[in-house]
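One structure below.
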Amino acid sequence: MIAYFKEILVGFWSLLAGMAVTIRYFTKPIVTVQYPREKIAMSPKYRGYPQLVIDPETQTHRCIACEMCSRTCPSQLITVEGAKFPGEKQKRATRYIHEHYYCSLCGLCTEVCPTSALEYSQEYRLAGFSREDAVIDHLLLLQQRQKAAGLPVTPVPTDADIAAAAAAEAAAKEAKAKAAAAAKKPAEGSEVKE
Ligand code: SF4
Ligand code: SF4
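Residue numbers (the working numbering): 56 to 249.
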């Protein structure tokens with residue numbers, strides 16, 4: 056009989072102890088996140104995939120397609136192409152592909168970039184159904200980020216734009232070479248007369 060009542064008391068005590076823990080945590084701030092309905096702000100030090108910086112002045116990227124990042128990347132996972140468009144002093148990227156499944160987040164690409172055009176994203180939702188899901192087209196991603204931030208969207212040059220830019224640059228080089236040759240001839244002629 057004593058054992059019976061003892062068992063009831065122990066059970067009741069354990070119920071109270073459990074309820075005390077529940078009540079104690081009931082008043083504490085919630086630390087769980089209702090993912091995917093809620094998102095958390097990552098630490099500024101978090102390293103998502105490297106992405107193009109949106110320049111606050113120009114509201115577009117700063118990539119001049121120098122290929123330093125792609126040459127430095129130990130995993131050789133960056134493909135950059137660029138063209139020089141009429142009226143512009145430097146080349147700019149026409150294609151920037153990042154195969155993120157090989158990326159070790161070593162940071163070499165962000166460090167070597169001469170225009171500080173790369174930064175780490177804060178993206179942590181990196182799961183995908185296929186390998187291709189981890190291939191990032193950074194010019195398209197930039198457009199999505201610009202749209203989300205309400206900024207003007209940077210157009211991605213088409214093949215026709217790139218071909219026209221290459222033809223214009225070749226013509227400009229040829230004209231420059233001809234002008235240099237023409238300027239050299241009279242000087243050479245005056246040397247013969249003397
Ligand atoms: S972080 Fe490292 S591995 Fe990843 S793209 Fe940059 S250089 Fe390559
Ligand atoms: S190093 Fe910088 S500027 Fe050069 S291609 Fe890479 S991102 Fe563009």
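Ideal Cβ positions, reconstructed from N, Cα and C, are used throughout, including at glycine.
Item to complete: Would you please state the rounded distance, in angstroms, between the beta carbons of Thr-134 and Ser-125? I believe it to be under 8 Å.
Response: Right, the Cβ-Cβ distance comes to about 6 Å (below 8 Å), so this counts as a contact.
Discussion item. Counting C-beta neighbours from all protein chains within 10 Å, is the total for Pro-129 16 or more, i.e. buried, or is it exposed?
Written reply: So Pro-129 ends up on the exposed side.
Worksheet item: Can we say the stretch 99-109 touches the stretch 170-177, given the rule of at least three CB pairs closer than 8 Å?
Response: Yes, they touch.
Discussion item. Suppose the cutoff is 6 Å on Cβ atoms and the five residues either side in sequence are ignored; what does the same chain contact list for Ile-95 look like?
Written reply: Closer than 6 Å at the Cβ level, and outside the excluded window around Ile-95, lie Val-88.
Item to complete: Return the residue from the list His-116, Ala-232 and Gly-183 that minimises the CA-CA distance to Ala-253.
Response: No answer is possible for residue 253: the residues shown for the chain start at 56 and end at 249.
Discussion item. Using only Cβ atoms and a threshold of 7 Å, which residues come within that distance of a heavy atom of ligand 1? Order them by chain position.
Written reply: Here the residues come out as Pro-105, Cys-124, Thr-127, Cys-128, Pro-129, Ser-130, Leu-132, Ile-133, His-153, Tyr-157, Cys-158, Ser-159, Leu-160, Cys-161, Gly-162, Leu-163, Cys-164 and Thr-165.
Worksheet item: When the Cα of Arg-180 is compared with those of Arg-92, Val-76 and Ala-75, which residue comes out closest?
Response: Ranking Arg-92, Val-76 and Ala-75 by Cα distance to Arg-180 puts Arg-92 first.
Worksheet item: Roughly how many whole angstroms lie between the Cα atoms of Leu-160 and Thr-77?
Response: For the pair Leu-160 and Thr-77, the Cα-to-Cα distance works out to about 41 Å.
Worksheet item: Based on the DSSP output, what are the partners of Thr-134 in its beta bridges?
Response: DSSP lists Ile-152 as partners of Thr-134.
Worksheet item: So what does DSSP say about Ala-222, is it helix, strand or coil?
Response: Helix, per DSSP.
Worksheet item: For Glu-269 versus Pro-141, is the C-beta distance shorter than 9 Å?
Response: The chain is shown from 56 up to 249; residue 269 falls before or after that span and cannot be answered.
Item to complete: Give the straight-line distance between the Cα atoms of Lys-202 and Pro-84, rounded to the nearest whole angstrom.
Response: About 35 Å.
Worksheet item: Counting along the chain, where does the alpha helix (DSSP H) carrying Leu-160 start and finish?
Response: For Leu-160, there is no enclosing alpha helix (DSSP H), as DSSP marks it with neither H nor E.
Worksheet item: What number of angstroms, rounded off, separates the C-alpha of Met-123 from the C-alpha of Leu-132?
Response: Straight-line Cα distance between these residues: approximately 13 Å.
Worksheet item: What are the boundary residues of the beta strand (DSSP E) that Val-190 is part of?
Response: Taken as a continuous stretch (DSSP letters only), the beta strand (DSSP E) holding Val-190 covers 190-192.
Item to complete: List the endpoints of the continuous alpha helix (DSSP H) containing Tyr-59.
Response: That run of the alpha helix (DSSP H) goes 57-81.
Item to complete: Would you list the residues sitting across from Arg-147 in a DSSP beta bridge?
Response: Bridge partners of Arg-147: Ala-138.
Worksheet item: Hey, His-193 and His-153 are a contact pair by Cβ (cut 8 Å); roughly how many whole angstroms apart?
Response: About 6 Å separates the beta carbon of His-193 from that of His-153, a gap short enough to meet the 8 Å contact definition.
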